[in-house]
Amino acid sequence: MQHYPPKSLAILKTILTSFSVATSLKDLPFFLVSKVIYTKENHILLNIDNFVLHFSIAHEKPPKTQSGTINWDVISRLQLINIGEKNAD
Numbered sequence: 182m183q184h185y186p187p188k189s190l191a192i193l194k195t196i197l198t199s200f201s202v203a204t205s206l207k208d209l210p211f212f213l214v215s216k217v218i219y220t221k222e223n224h225i226l227l228n229i230d231n232f233v234l235h236f237s238i239a240h241e242k243p244p245k246t247q248s249g250t251i252n253w254d255v256i257s258r259l260q261l262i263n264i265g266e267k268n269a270d
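With the numbering used here applied, the sequence shown corresponds to residues 182 to 270, in that order.
Now the structure itself:
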């Protein structure tokens with residue numbers, strides 16, 4: 182993390198702080214919610230600034246809707262699994 186400029190580190194800190202205090206994805210600030218990309222059944226990506234953050238659901242049995250899909254409105258635990266850079270060589 183030492184090679185990131187201070188501005189990028191401040192943005193990353195803001196992102197991670199927002200995720201740590203939110204009780205669900207809908208509690209995140211809009212600028213973050215609008216950047217969330219739902220990928221596999223239990224993963225999300227967050228593309229913001231120069232970062233791509235990969236999260237997976239940290240619930241042992243994720244809450245599901247009646248149709249059997251993940252109910253993202255009530256997911257309260259995410260695990261950060263990777264921090265990457267956009268356009269990284």
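In this text, a Cβ means the ideal position worked out from N, Cα and C, and glycines have one as well.
The structure presented is a predicted model; accordingly, all values stated were derived computationally and were not measured.
What does the Cβ neighbour count give for residue i, buried or exposed, with the cut at 16 atoms within 10 Å?
i      : result
LEU197 : exposed
ILE262 : exposed
LEU259 : buried
LEU190 : exposed
ILE218 : exposed
PHE212 : exposed
Based on DSSP bridge pairs, tell me the residues matched to residue i.
i      : result
HIS235 : LEU226, ASN263
ILE256 : None, per the DSSP bridge assignment.
Could you work out which residue in the options is closest to residue i when comparing CA atoms only?
i      : options                        : result
GLY249 : PHE212, ASN223, VAL233         : ASN223
LYS188 : PHE232, ILE256, GLN247         : PHE232
ASN252 : HIS184, ILE225, LYS194         : ILE225
LYS267 : THR204, ASN228, HIS184, LYS216 : ASN228
Review point. Would you call the segment 202 to 211 and the segment 235 to 242 touching, i.e. three or more CB-CB distances under 8 Å?
Key: no
Let me know the beta strand (DSSP E) ranges lying completely inside the segment 190 to 223, each 3 residues or longer, listed in chain order.
217 to 219
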